[in-house]
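If you want our numbering, it's the 1-based position in the sequence shown plus 115.
No residue lacks a Cβ here, since even glycine has one placed at the ideal position from N, Cα and C.
A quick note: this is a predicted structure, and the numbers were derived from the prediction, not measured.
Data block below; observations after.
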Amino acid sequence: MTAESGLSELYRAAAAAHLQPLWVETSRYVPREPSPLNRIACWPARDYQSLLHRAGEHMPVEHADRRVFVCNNPALPPFSGTTQTLYACVQLLRPGETAPAHRHTQSAFRLILSGNGAQTFLDGEPVTMHEGDFVITPALTWHGHANPGTEDVIWLDGLDNAIVRLFDATFFELPSSAGPRPDDPDRSGMKWRYPWKETLAALEDLRTTTEPDPVWGWRTRLVDPRTGRDPLPTMAVFVSLLPAGFRGQSVRSTDSTVHVCLRGAGQTETPARTLEWGRHDIFTLPSWTASRIRCESDSLLFSFSDRGAQERLECWREERLPDV
């Protein structure tokens, strides 16, 4: 038997035993750098808002449980998410409507985009939501919604579905008469709601006391005041104040990120394409994609990513690139 035929026989035997030699096409096992599956995508506010209102006319919330559209990345199969790790969804609750309580092992948050006065009930505690508020739903928190007001309320839901699915650790529960279980998390002292006025105040304080970051302008990271850490363990959340005429430095990082414009308008330039964004537009960039921000007027940009999980795994990386 020649060395070549012996090696071929070795590979056939290994394949029959469901063993794969690591020395063959090693880069498929350990890529030299990130190779994201998702791609740049944008969901303009005019499109999803129109579709939500149409859904409000034709799909009663009691038939839908949650009247929600998932921002599905066009490079991923349906229900695979907005990035390979995160879901961004948009939800409508009309006046007088309720959404029943449930809970799940995914962590989630709500960013209120328009409308005021709706409530979310978190482990039974009512939390009234206003435009711009950031409201968390940690894993296994009971949550239901009601809109006792007179305005349609639209919010963004952010969830770590794909991260939890990777571990095959997803549980979804409806209320039962059994009540809380002994292993239910202790939520005492939890800060559920991060009011928009507090976020704005933090940004204005940065504007008056510091120079803008060359990539992100004035940027604040929302943190749990009890711990100083991210309110949800897998996701990091930021809000950036970008001054008029801002020309950002190019950057790339390993976290998959979803952005929402809360005020103003601008552009995000990448080697593949330039995204134009305005108020309440949602867009995403894959990991390790070089990008830079441009805006002509003062703008506010909300961002969330899987950076929280990556930092805990000690694999997050950012590279700021020289302008060329």
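Residue i lies in the beta strand (DSSP E); which residues open and close that run?
i	result
Arg67	The question about residue 67 has no answer, for the chain in this structure spans 116 to 439.
Ser150	Premise fails: Ser150 is in no beta strand (DSSP E) and is neither H nor E.
Ala351	Ala351 to Leu357
Thr243	Glu240 to Thr243
Phe184	Val183 to Val185
Val368	Note on identity: in this sequence residue 368 is Ser, with Val being the wrong assignment. Val366 to Ser368 is the span of the beta strand (DSSP E), which, as asked, contains Ser368.
Val341	Per the sequence presented here, residue 341 reads as Arg, with Val not at that position. That residue, Arg341, is in no beta strand (DSSP E); it is neither H nor E in DSSP.
Pro212	Reading off the sequence shown, one finds Glu at residue 212, where the question assumed Pro. Careful: Glu212 lies outside any beta strand (DSSP E) and carries neither H nor E.
For the alpha helix (DSSP H) holding residue i, just list the boundary residues, first then last.
i	result
Ala387	Unbroken run through Ala387: none, as it is neither H nor E.
Tyr202	Premise fails: Tyr202 lies in the beta strand (DSSP E), Tyr202 to Leu208, not in any alpha helix (DSSP H).
Ala424	Arg422 to Arg427
Ser229	Careful: Ser229 lies outside any alpha helix (DSSP H), inside the beta strand (DSSP E) at Ala223 to Ser229.
Glu119	Ala118 to Ala131
For residue i, collect the residues of the same chain with a Cβ closer than 8 Å to its Cβ; drop the 5 residues on either side in sequence, then sort them by chain order.
i	result
Leu191	Leu152, Asn153 and Gln199
Ala405	Ser365, Val366, Arg367, Thr385, Pro386 and Leu436
Tell me the DSSP secondary structure of residue i in three-state form.
i	result
His96	Not covered by the structure: residue 96. The range shown for the chain is 116 to 439.
Glu177	helix
Thr235	strand
His219	strand
Asp396	coil
Arg409	strand
Ser169	Ser is not the amino acid found at residue 169; the sequence shown has Arg there. In this structure, Arg169 counts as helix in the three-state DSSP scheme.
Leu321	helix
Asp162	helix
Ser142	helix
Give every residue of the same chain whose Cβ lies closer than 6 Å to the Cβ of residue i, excluding the five residues on either side of it in the sequence, and list them in chain order.
i	result
Leu125	none
Pro290	Ala216
Cys157	Leu390 and Phe398
Leu207	Leu167, Gly171, Arg182 and Ile269
State the CB to CB distance for the pair residue i and residue j, rounded to an integer number of angstroms; the pair is presumed to be in contact (CB under 8 Å).
i	j	result
Lys306	Asp339	6 Å
Ordered along the chain, which non-local residues of its own chain (more than five positions away) have a Cβ less than 7 Å from that of residue i?
i	result
Val330	Gly363, Gln364, Val366 and Arg435
Asp370	Ser402, Ser420, Asp421, Arg422, Gln425 and Trp431
Check whether the Cβ of residue i sits closer than 7 Å to any heavy atom of the ligand ADP, and report yes or no.
i	result
Pro327	This structure lacks the ligand ADP; in fact it carries no ligand of any kind.
Checklist line | Complete runs of the beta strand (DSSP E) confined to the segment 249 to 317 [at least 3 residues] | finding: DSSP runs (the beta strand (DSSP E)) wholly in the segment 249 to 317: 249 to 252, 258 to 261 and 268 to 274.
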